[in-house]
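Peer 1: In UniProt numbering, the protein residues as written are 1 to 250.
The C-beta atom is built at its ideal place from N, Cα and C for all residues, glycine as well.
Owing to the predicted nature of the structure, the values given are computational and were not obtained by experimental measurement.
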Amino acid sequence: MPLAVVESPRLYRQIADQLRHLIDQHEFPVGSRLPPERELAEKLGVSRPSVREALIALEVEGRVRIRMGSGVYVVDPAQAAAQLAGAGFPVEGPFEVLAARRLVEGAVAADAAGQATPTQLAGLAGILGQMEQPGLPAEQLIALDRAFHVEIAAILGNTVLVRCVGELFDQRMSPYFRQLAQYFENEDSWRSAAREHRAIHAALANGDREAARAAMCAHLQASQERFSQSFGDTDFKRAGERQRRPRPIK
Numbered sequence: 001m002p003l004a005v006v007e008s009p010r011l012y013r014q015i016a017d018q019l020r021h022l023i024d025q026h027e028f029p030v031g032s033r034l035p036p037e038r039e040l041a042e043k044l045g046v047s048r049p050s051v052r053e054a055l056i057a058l059e060v061e062g063r064v065r066i067r068m069g070s071g072v073y074v075v076d077p078a079q080a081a082a083q084l085a086g087a088g089f090p091v092e093g094p095f096e097v098l099a100a101r102r103l104v105e106g107a108v109a110a111d112a113a114g115q116a117t118p119t120q121l122a123g124l125a126g127i128l129g130q131m132e133q134p135g136l137p138a139e140q141l142i143a144l145d146r147a148f149h150v151e152i153a154a155i156l157g158n159t160v161l162v163r164c165v166g167e168l169f170d171q172r173m174s175p176y177f178r179q180l181a182q183y184f185e186n187e188d189s190w191r192s193a194a195r196e197h198r199a200i201h202a203a204l205a206n207g208d209r210e211a212a213r214a215a216m217c218a219h220l221q222a223s224q225e226r227f228s229q230s231f232g233d234t235d236f237k238r239a240g241e242r243q244r245r246p247r248p249i250k
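#1: My parser needs the alpha helix (DSSP H) runs of 4 or more residues fully inside the region 116 to 148; what are they?
#2: Leu141 and Ile127 look like a contact to me (Cβ under 8 Å); what is the Cβ gap, rounded to whole Å?
#3: When we look at the beta-carbon of Gly106 and count the other beta-carbons within 10 Å, is it buried (16 or more) or exposed?
#4: How would you write the range of the beta strand (DSSP E) that Arg67 sits in, first residue to last?
#5: If you draw a straight line from the alpha carbon of Arg191 to that of Ile66, how long is it in whole angstroms?
#6: Is the CB-CB distance between Arg209 and Ala110 below 7 Å?
#7: With C-beta atoms as the reference, is Arg101 less than 7 Å away from Leu168?
#8: Provide the residue(s) that pair with Val74 in DSSP beta bridges, ordered along the chain.
#9: Just to confirm my understanding: we take Ala153, look at its own chain, exclude 5 residues before and 5 after, and list those with CB closer than 6 Å. What are they?
#10: Can you tell me the Cα-Cα spacing of Ile155 and Gly129, whole angstroms?
#11: Leaving aside the five residues before and after Arg146 along the sequence, list all residues of the same chain whose C-beta is less than 8 Å from its C-beta, in chain order.
#12: Might you give, ordered along the chain, the residues of its own chain that have their beta carbon closer than 6 Å to the beta carbon of Glu132, omitting 5 neighbours on each side?
#13: List the whole-angstrom C-beta distance separating His219 from His197, where the pair is believed to meet the contact cut-off of C-beta under 8 Å.
#14: Under 7 Å Cβ to Cβ from Gln115, same chain only, skipping five residues before and after it: list those, please.
#15: In this structure, how does DSSP classify Arg33 when only helix, strand and coil are distinguished?
#16: Tell me the residue span of the alpha helix (DSSP H) that contains Gly45.
#17: Report the residue from Gly31, Arg63, Asn158, Glu139 whose alpha carbon sits nearest the alpha carbon of Gln18.
#18: Give the single residue among Ser50, Ile56, Gln14, Ala222 whose Cα lies nearest to the Cα of Ser174.
#19: Distance, Cα to Cα, Val72 vs Ala212?
#20: So, using beta-carbon positions, are Gln179 and Val104 closer together than 7 Å?
#21: Rounded to the nearest angstrom, how far is the Cβ of Val74 from that of Pro29, given a contact under 8 Å?
#22: Would Gly207 and Ala113 be called neighbours here (beta carbons separated by less than 7 Å)?
#23: Quick test of your reading: Pro94 and Phe227, contact by CB under 8 Å. State the CB separation rounded to the nearest angstrom.
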């Protein structure tokens, strides 16, 4: 499997391009199983989250099908055209977006802790109360999640920050991110997110800037790690691990 060195910082797209080329060249015929995540990452010299993002991109395109606990299988490329229609692939991968959110929203939460009014805190508490209701559909949970994060930015009275936080969040609405969420979001993950949101709210209510920053960063790091589980291998590294320059496979 001759794979070229990847130099772009958006490794997942470069990795996906190479794997797609190998599939087109019948190195991996329809019905075959791709090498495990761990093996691909080791041969390329990249992080497993980068490989995972590439595999999700290929699944959204209709080139592979991910079977949790079994592996990643090549499917008929004739399906790809229908899958790609209107897909609107993001330039950035989800882990890159979550890392950016951690930096931006951590700072926003710290400033908001010193400015939140009782009315604003009550509004945030109301959003959390709605999120904690059992049986809500994913679409409603996502809308409430977005509202919570955007309302924290709104405390600062800066429309640029409100738009920035909202636009970063909205990248999870892409087909790419939705496909990733399909595997890793469930009732347990949403309960964990609700607890993390409560910690953020408590820090804001206490006016503790550093606690608010830490709580927001911990929440978004935990979100990153929830999306970092393996598709079939027993071992995996944290999603936040540093990406490394890939090396060619011998």
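Peer 2: Per the coordinate set shown:
#1: 118 to 131
#2: At roughly 11 Å, the Cβ-Cβ gap does not stay under 8 Å, so Leu141 and Ile127 are not in contact.
#3: buried
#4: 64 to 67
#5: 25 Å
#6: Their beta carbons are under 7 Å apart, which means Arg209 touches Ala110 by this criterion.
#7: yes
#8: DSSP lists Val64 as partners of Val74.
#9: Val108, Leu161, Val162, Val165
#10: 19 Å
#11: Gly166, Phe169, Asp170
#12: Only Ala194 meet the Cβ criterion.
#13: In this structure His219 touches His197 by the C-beta definition: roughly 7 Å separates them, less than 8 Å.
#14: Excluding residues up to 5 positions away in sequence, Ile155, Leu156 lie with their Cβ nearer than 7 Å to the Cβ of Gln115 in the same chain.
#15: strand
#16: Counting along the chain, Gly45 falls outside any alpha helix (DSSP H), and DSSP gives it neither H nor E.
#17: Arg63
#18: Ile56
#19: Cα to Cα, the separation comes out at about 40 Å.
#20: no
#21: 7 Å
#22: In this structure, Ala113 lies closer than 7 Å to Gly207 by Cβ.
#23: Between the beta-carbon of Pro94 and that of Phe227 there is about 6 Å, and that keeps the pair under the 8 Å contact cut.
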